[in-house]
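Each number in this note's numbering corresponds to the 1-based position in the sequence shown with 285 added.
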Amino acid sequence: MLDFTAMTLAIGPELWLAATGLIGVLLGALLKDNFNGLSFKFGALVLFAAAGIAAVTYQGGEAFNGLVETNTFVNFAKIVSFIVGGLALVMSEGFLKRHETARYEYALLTIFAALGMGIILSAANLMTLYMGIETLSLSSYVLAAFHRDSARSSEAGLKYVILGSLASGMLLYGASLVYGFSGTTFYAGIAAAEPSVGLMFGMVLMIVGLAFKVSAAPMHVWTPDVYEGAPTPVGAFFGAAPKMAAMVVFANVMFQVFGDSIDQWQLIITIIAGLSMLIGAFGGLTQTNIKRLLGYSSIANVGYALVAVAAGKELGAGPLLTFMTLYVVSSLGLFAAVLAMRRQGGMVEGISELGGLMNKRPWLAIALSILIWSVAGLPPFGGFLGKWVVLEAGVSAGLYPLAIILVIASVVSLGYYLRLIKIMWFDEPTERFEAIDGSVTLVVLASSLFVIVFMVFFVLLSGWATQAALGITA
């Protein structure tokens, strides 16, 4: 007999997302185009409500005979992921209306992508994990190609689905090897299994598949192309909500499933983290498109986050949540700032087109500068403190080469971050921008305010993250 109380405590947000997503499909079928405008408000409210449910059921629980199990660590990630996903949906409506693609399917795909994020975070079994990854991935492939009349968007969707399918196949093959050599698909059972060569091969293949999902090097090649080709609101969503969820799932799998074998996987994660930081830092230096640059910035920041994963769950779980929260909020704000810049000929995407932004829209230039400063990890904004706790975790774990690479990559990446600020503040003004949507303005200002507030109250955020990390470290 089903225990509805246990189900609600364990996967309340996912039950809500599944139910409201199906209701949305029904409303779309009945109302057709009349539901287009309302669907974005509907979707945003659904995601914010899901975050609220995750907060109410914060301590988590277990359901479906152990197939799903949640704790404060994954519920913290759910709250952040659903909130930034809702904000990404709020600021997408105006953009899609201007491109005549504001259809209700967009909001519903976002809800089902959020459902996938919730499932992978709640998973305590490899089969549940794979089901969630495919739910998230299939929705993401369609979102990337949502501008079906755009060659760039179609190309982005095609690249994403081909490379994503390859990564999913490797993840599934790795999971099958892990099952074959451990005799179970449950996280706890695998953790208790005797180590073997076959189990190690399965673990490596799973790491490769998960590294693709977080866009870590050398499985990063899809990221700049998809960020550039996908509609800008989709890029904003990809760079925030799924990024937070996938990164925490990566950590959760390594900590919970293979935690006792850290000596076998720490070097692998260290290499992936180092490559991600260096490729993200050096790759961004030659970019002329803002969205591609943000793609390389994302790769570098995933590398920084992986330093916390390599440090192990006792040292790295709390810093990972702290860093990723500050990063995804800043990333969302940066994409919102890109959405805020539009001219008669279309969206502004060239870096040189930011010239003289301080003269034309000083509030936007200041907010964008704060977000860039934060993502670059420069004091005094929140991003610096987030990077600091990750660096501290790496040093405490004895990962000195990785800590040195982190510092070098951060310095190199200043080349493109400071170039953006120089162009905005000191270059000659270009053509003036058109008026922007109020929702986009709100997200830009809220994101920049967030990194300022948690510059002052960083101890508060860090304390929340540390307490949340006790869900897997206690």
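Don't be surprised by glycine CBs; every beta carbon is placed ideally from N, CA and C.
All figures in this text were calculated on a predicted structure; none of them were measured in a lab.
- Relative to GLY683, the option among LEU703, ALA593, GLU634 whose CA is nearest is ALA593.
- By the beta-carbon neighbour count (other beta carbons within 10 angstroms, threshold 16), SER500 is buried.
- Put simply, the region 398-406 touches the region 526-541. At least three CB pairs are less than 8 Å apart.
- GLY328 sits close to ALA392, with the two beta carbons spaced by under 9 Å.
- Our two residues, LEU560 and LEU703, have alpha carbons roughly 22 Å apart in a direct line.
- Annotation for PRO686: THR555, GLY559 place their beta carbon closer than 8 Å to its own, counting only its chain and skipping 5 residues before and after.
- Taken in chain order, the complete alpha helix (DSSP H) segments of 4 residues or longer contained in the region 427-470 are 436-467.
- VAL511 is positioned such that its CB atom lies no closer than 9 Å to that of ILE575.
- Within the model, the alpha-carbon separation for ALA754 versus SER637 is close to 42 Å.
- In the DSSP assignment, THR610 falls within the alpha helix (DSSP H) that extends over 598-624.
- Excluding five sequence positions before and after TYR589, the CB atoms of its chain that fall closer than 7 Å to its own CB belong to MET562, PHE608, LYS672, VAL675, LEU691, given in chain order.
- From the listed residues PHE367, GLU599, ALA650, the smallest Cα separation to LEU619 is found for ALA650.
- Of the candidates TRP710, VAL359, ALA652, VAL359 places its Cα closest to the Cα of GLN344.
- ASN410 is classed as buried because its beta carbon has at least 16 other beta carbons within 10 Å across all chains shown.
- ALA596 is not a Cβ neighbour of ALA515, given a cutoff of 9 Å.
- Taking a cut-off of 8 Å on C-beta distances, the region 516-526 does not touch the region 459-469, as fewer than three cross pairs fall below it.
- Distance check between PHE471 and each of ASN350, LEU311, PHE735 places ASN350 closest, using alpha-carbon atoms only.
- ALA408 has VAL353 as its beta-bridge partners, per DSSP.
- Residue range 289-316 is occupied by the alpha helix (DSSP H) that includes PHE289.
- Every alpha helix (DSSP H) stretch that sits fully inside the region 476-503 and reaches 4 residues is listed by chain position as 482-498.
- With respect to the C-alpha of ASN321, the residue from PRO509, GLY309, ARG577, LYS598 having the closest C-alpha is GLY309.
- Our two residues, GLY297 and ALA339, have alpha carbons roughly 7 Å apart in a direct line.
- Leaving aside the five residues that flank ALA622 on each side, the residues in its chain whose CB is nearer than 8 Å to its CB run, in chain order, LEU649, ALA652, LEU653, LEU656, VAL729.
- Across the structure, MET412 and THR420 are spaced so that their CA atoms are roughly 12 Å apart.
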